[in-house]
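Take a look at the structure set out below.
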Amino acid sequence: MTSIKHYLQFKDFTREEYDYLFERSKWIKDKFKRYEPYHPLFDRTLVMIFEKASTRTRLSFEAGAQQLGGSAIYLNTRDSQLGRGEPVEDAAQVISRMSDLVMIRTFEQEMVERFAANSRVPVINGLTNEYHPCQILADIFTFIEHRGPIQGRTVAWVGDSNNMCNTWLQAAEVLGFNVHVSTPPGYEVEPERAGLYGTDNFEQFADPMDACRGADLVTTDVWTSMGFEAENEARMKDFADWCVDAEMMSVADKNAVFMHCLPAHRGEEVTAEVIDGPQSVVWDEAENRLHAQKALMEYLVLGRVEAR
Ligand code: CP
Ligand code: NVA
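Per UniProt numbering, the sequence shown starts with residue 1, numbered consecutively.
Below is the structure:
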C-alpha cells in the first residue's frame, strides 16, 4: 500500500507537483465558471470523516466531488463506529474497500497517518491539530491569482502558531518564500511540531508590527482552535495585542493582501476594517477551496491528466 499517494501535510508534494496543481486549479475553475461540465471522477466515491465541525471544508469537498461527476458520503464520529472505539486501522480497511478517496478532519495528525497506512485509496488531511494543507493550497492559489508567483515573497503570520501557521511554514520551505511569525510569548512556533526540514525560511518577531513590515500577504486565524476550547479564557487575554488592524496593514507592502481561512472573529484576531476592507481577499480565498480541492482530488485519483 506504500505506493498510494496521500495528502497528509503540505510537504507531501514537491514544488513541481504544486506548479501542476495550481495550473490545474485554474483550468478547472475557468471551466466551471463557463458552466462546462467536467466529470473525470464519474462513478467515484469520496468518503469524508469529520471529528470536528466544518462549513467550508465539508461544502467544498462535497460539492467538488459532485461537480467532478462523483459522489460524497459524510461520516461523523457520533454516528459511526469510530466514535464507539472501532480501531482506526479497521475503519481504514473497510472504508477504503468501498470508496476511491477519503478525506479526514480530526484531532491528532497521528490518526490520519494511521488511517493512511491502512488505506487502499488516497487519504486527504482536511485539518488536524497540526496541519491544514488544503487551506494553504487554496490560499497560495489565491495569492497567485491576485499577485503572481509567491516565490521570494514574504507572508506575515500574526497570532497563534497553530495548524495554519505550521502549514504556511512547510509551504515556505517547499515553494521558496519567507514567513514572518509573531505570536504572544509562550505561543512561539515549535519547528519540530511544524514538521520543518530545518531551512531558514522563517523568522519570529516579538512585535507583530515588525512581522508585518514590508509583507506581501498578512494573515491570521482564530486565537483558539477547535480542540483547545479549555484554553479560551487565557488566550483571550494573551492574544489581545495580536489583532490585525489598519496600523499593521499600513506597514505591510502597499499591495499586500489580507487572508483568513475563516471562520473569523471581528474584534479579536482581526478588525472589521481589515477583513471587510479593500485589501482583504477572504471570499476569493474561501471560494478557491472548491477549485483547488477539485484539482487535488483529480490528481490523487487519476494522476496527471492532459489539459482537456
Ligand atoms: N477554513 C476552514 O477549514 O473552514 P471550515 O472549518 O468551515 O471547514
Ligand atoms: N485553526 C483553526 C482553523 C479552522 C478552519 C482550527 O483548527 O480550529
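Every residue gets a Cβ at the ideal spot worked out from N, C-alpha and C, and that includes glycine.
### Task
Can you tell me which of the three DSSP states GLU203 falls into?
Secondary structure of GLU203 (DSSP, three-state): strand.
### Query
For residue 319, which three-state DSSP category applies?
Past the boundaries of the shown model lies residue 319; the chain is included only from 1 to 308, so the question cannot be answered.
### Message
With three or more beta-carbon pairs closer than 8 Å as the criterion, would you say the region 68–81 touches the region 126–134?
### Response
Judged by Cβ distances under 8 Å, the region 68–81 makes no contact with the region 126–134, as fewer than three pairs qualify.
### Message
Residues in the same chain with beta-carbon distance under 8 Å from ILE73, minus the five sequence neighbours each way, listed in chain order, please.
### Response
Taken in chain order, the residues that qualify are THR45, LEU46, VAL47, MET48, SER99.
### Query
Using 8 Å as the Cβ pair cut-off and three pairs as the minimum, do the region 20–28 and the region 285–300 touch?
These segments touch.
### Beta-carbon contacts of VAL174 that lie in its chain and below 8 Å, excluding the five residues immediately before and after
PHE10, LYS11, PHE13, THR14, ARG15, TYR18.
### Query
If you check the beta carbons only, do TRP223 and PRO184 fall under 7 Å apart?
With contacts defined as CB atoms closer than 7 Å, TRP223 and PRO184 fail to qualify as a contacting pair.
### Task
Could you tell me which of PHE258, VAL305, GLN170 sits nearest to ARG147, measuring between CA atoms?
Here the closest residue by C-alpha is PHE258.
### Message
With H, G and I counted as helix, E and B as strand and the rest as coil, what does DSSP make of ARG24?
### Response
In the structure shown, the three-state DSSP call for ARG24 is helix.
### Query
Out of LEU262, PRO191, PHE202, MET236, which has the shortest C-alpha to C-alpha gap to VAL179?
Minimum Cα distance to VAL179 is reached at PHE202.
### Message
Tell me whether the region 117–126 and the region 151–158 touch, counting them as touching only if at least three CB pairs, one residue from each stretch, are closer than 8 Å.
### Response
These segments do not touch.
### Message
Based on DSSP bridge pairs, tell me the residues matched to VAL244.
### Response
In DSSP, VAL244 forms a bridge with VAL270.
### Query
Of all the beta strand (DSSP E) runs that stay within the bounds of the region 62–125, which reach a length of 3 or more residues?
Taking only runs of at least 3 residues, the beta strand (DSSP E) segments lying wholly in the region 62–125 are 71–76, 101–105, 123–125.
### Task
Return the CA-CA distance between ALA91 and GLU130, expressed in angstroms with no decimal places.
ALA91 and GLU130 have their C-alpha atoms some 22 Å from each other.
### Query
According to the Cβ coordinates, are ASP253 and GLY214 closer than 7 Å?
A contact, by the Cβ cut-off of 7 Å.
### Task
Please report how far the alpha carbon of MET164 lies from the alpha carbon of PRO40, in whole angstroms.
MET164 and PRO40 have their C-alpha atoms spaced approximately 30 Å apart.
### Candidates PHE61, LEU59, ILE95, PHE50: closest to GLY83 by CA position
With distances taken between CA atoms, GLY83 lies nearest to PHE50 out of PHE61, LEU59, ILE95, PHE50.
#### Entry: Sheet register partners of VAL174 (DSSP bridge)
Looking at the DSSP assignment, VAL174 forms no beta bridge with any residue, so it has no partner.
### Task
Please state if the CB of LYS294 and the CB of GLY70 are separated by a distance shorter than 7 Å.
Taking 7 Å as the cut-off, the beta carbon of GLY70 is found no closer than this to the beta carbon of LYS294.
### Query
How close, in whole Å, do the beta carbons of ALA138 and GLU269 come, if the pair is a contact with beta carbons under 8 Å?
About 19 Å; that fails the 8 Å criterion.
### Message
Just checking MET164 against ligand 2 - is the residue's beta carbon closer than 6 Å to any of the ligand's heavy atoms?
### Response
At least one heavy atom of ligand 2 is nearer than 6 Å to the Cβ of MET164, so yes.
### Helix, strand or coil at TYR35 [DSSP, three-state]
For TYR35, the three-state secondary structure derived from DSSP is coil.
### Query
DSSP puts LEU49 in a beta bridge; with which residues?
Before going further, note that residue 49 is Ile rather than Leu in the sequence given. BP columns for ILE49 point to LEU75, ILE104.
### Query
With 16 other CB atoms within 10 Å as the buried threshold, where does LYS33 fall?
Residue environment analysis places LYS33 among the exposed positions, since fewer than 16 neighbouring C-beta atoms fall within 10 angstroms of its C-beta.
### Task
Give the DSSP bridge partners of VAL179, in chain order.
Checking the DSSP bridge columns, you'll see VAL179 partnered with VAL155, PHE202.
### Query
Would you call ILE150 buried or exposed, if buried means 16 or more other Cβ atoms sit within 10 Å of its Cβ?
Answer is buried; the Cβ neighbour count reaches 16.
### Message
Going by the DSSP bridge assignment, what does LEU302 pair with across the sheet?
### Response
Answer by DSSP bridge pairing: none, since LEU302 is not bridged.
### Message
Quick check: ALA292 and PHE141, are their CB atoms within less than 7 Å of each other?
### Response
Yes, Cβ-Cβ distance for ALA292 and PHE141 is below 7 Å.
### Message
Could you tell me the alpha carbon to alpha carbon distance between ALA250 and ALA234, rounded to whole angstroms?
### Response
A small fix is needed here, since residue 250 is Ser in this sequence, not Ala. Their backbone Cα atoms lie some 29 Å apart in a straight line.
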